[in-house]
Amino acid sequence: MKSAAAAWLGKALYYALPNLAPFDVKAAVVHGQPVSAAYVGLTAGYGLLYAGAMVALAILVFSRRDFK
Amino acid sequence: MGGATARERKGSVGALAVLTIAGVLLGAALSLQAYREAQHPLPPVSSDILYFRGGAAVSRAALGFDALLADVYWIRAIQHSAAPSAPPAARSATSFCIRSSTDDDARPPFQRRVSFRRIFLSEPYPGGPGRTDLAIALLERGIAADPKRWQYAQDAGFVHYWWRQDYKSAAEWFDRASRIEGAPWWLRSMAATTLAEGGDRQSSRRLWQQLLDTTDDIWVRDNARLRLAQLKALDDLDALASLVGRYAQARGAPPRSWNELVAARWLAGSRQTRPDRLMS
Chain Y
422 MKSAAAAWLG KALYYALPNL APFDVKAAVV HGQPVSAAYV GLTAGYGLLY
472 AGAMVALAIL VFSRRDFK
Chain F
19 MGGATARERK GSVGALAVLT IAGVLLGAAL SLQAYREAQH PLPPVSSDIL
69 YFRGGAAVSR AALGFDALLA DVYWIRAIQH SAAPSAPPAA RSATSFCIRS
119 STDDDARPPF QRRVSFRRIF LSEPYPGGPG RTDLAIALLE RGIAADPKRW
169 QYAQDAGFVH YWWRQDYKSA AEWFDRASRI EGAPWWLRSM AATTLAEGGD
219 RQSSRRLWQQ LLDTTDDIWV RDNARLRLAQ LKALDDLDAL ASLVGRYAQA
269 RGAPPRSWNE LVAARWLAGS RQTRPDRLMS
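Those protein sequences? They're chains Y and F, same order as listed. Residues 422 to 489 (my numbering) make up the first sequence, in order. Residues 19 to 298 (my numbering) make up the second sequence, in order.
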């Protein structure tokens, strides 16, 4: 990418948005490439931590709403 | 007032705690992601491939265009396996693909497909796999399934004639076709002409013109038109070369441009506008 700002923005979005691609291991499986337990563990850990962060943010947002 | 302030302060502390937890969790998640990417990079997959787990899924994805999808798949599979970089296993898969699809092709509703496929199979890469042997095998299986269909024998002769330049075999197939009940009279003379003058453009033109006149398949028709145009271009090239030779002999030097031939009234019109009009 030529623009440094665009590159920075792209990288920020890459980390801020949920990265679901690592959960899809179909291509690796059909090509006979091994998917290690460590990979599965790290990916699952990422999913749990990211989901936990999103739940915490949701708690923060909804605790300030008046639903009465 | 004091109670409300205390409640607000408590709420702010709670919000800050939740925000901190969210930040820590997100930071941990991103760190884990960075660590995983560093330790376990997934090997890149060179091409986008869509896998279906069964025929039912493919049928649903085809949205009713099953026959069209089957033809596209057939063509793409053969082109892929015929590529120069294709491994030997893919090449043998081509043979399997042909064999497994030919039985259905031989039945009456699919006879047009045989005509299309034998031309496609014979065309050299990338227009086709360049497998004249498979085209002949396809036609032989068609003849075995429907011995009265003289067109298969004629097509086999065509493959030998055009792509293999094996005029003896071509003549044998034309002769075989002419002996089948209902075959047109000209097949017998075609066999004789092919044997006597194999390779001449007039015979080629007759074959392609006959194919153009009888097919209702768009791809086959376009292919026949292209071949006829190529034959005409070869005729034109010969005529122009002969003209230039005669001009050089008459004037002592070859022409420097087409305009010189036009000015001398040896050629009607310019090369760009009237390429096919020769005056002598």
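Just so it is clear, CB atoms sit at the ideal spot from N, CA and C, and this is done for glycine as well.
Determine the DSSP secondary structure at residue i, reduced to helix, strand or coil.
i      : result
L285/F : strand
E141/F : coil
L68/F  : coil
V446/Y : coil
R245/F : helix
Y259/F : The amino acid occupying residue 259/F in the given sequence is Ala; Tyr does not appear at that position. Looking at A259/F - three-state DSSP - the assignment turns out to be helix.
A477/Y : helix
D164/F : coil
D487/Y : coil
Q183/F : coil
Q454/Y : coil
F176/F : helix
F83/F  : coil
W203/F : coil
L279/F : helix
S424/Y : coil
I198/F : coil
D240/F : helix
R223/F : helix
A88/F  : helix
A188/F : helix
Y37/F  : One detail in the question is off: residue 37/F reads as Leu in this sequence, not Tyr. Helix.
A433/Y : helix
L463/Y : helix
L157/F : helix
Which residues of chain F have a Cβ atom closer than 8 Å to the Cβ of residue i, listed in chain order?
i      : result
A477/Y : V36, L37, I39, A40 and L43
L470/Y : L43, L44, A46, A47 and L50
Give a yes or no on whether the minimum CB-CB distance between residue i and chain Y is below 7 Å.
i      : result
Y377/F : Within the shown structure, residues of chain F are numbered from 19 to 298, placing residue 377/F beyond reach of any answer.
H305/F : The structure shown does not extend to residue 305/F, since chain F is modelled only from 19 through 298, so no value can be given for it.
A46/F  : yes
R54/F  : yes
I137/F : no
Could one say the Cβ of residue i lies closer than 7 Å to chain F's Cβ atoms, at least one of them?
i      : result
V461/Y : no
V451/Y : yes
G368/Y : Residue 368/Y is absent from the structure shown; chain Y starts at 422 and stops at 489.
G431/Y : no
Y467/Y : yes
CB of residue i to nearest heavy atom of the ligand COA: below 6 Å?
i      : result
D234/F : The ligand content of the structure shown is nil, which means the ligand COA is not present either.
For residue i, return the contacting residues in chain Y, with the cut-off set at a CB-CB distance below 8 Å.
i     : result
A33/F : L481, S484 and R485
Just the chain F side, please: which residues come within less than 9 Å of residue i by C-beta, in chain order?
i      : result
L438/Y : Near L438/Y there are no residues of chain F at all, since even the closest Cβ is about 11 Å away, more than 9 Å.
S457/Y : H58
Does chain C have any CB closer than 7 Å to the CB of residue i?
i      : result
D234/F : Annotation note: the requested chain C is absent from the structure, which comprises protein chains Y and F.
Legend entry - contact_flag[the stretch 160-169 of chain F, the stretch 187-204 of chain F] where n(CB pairs < 8 Å) is 3 or more: yes
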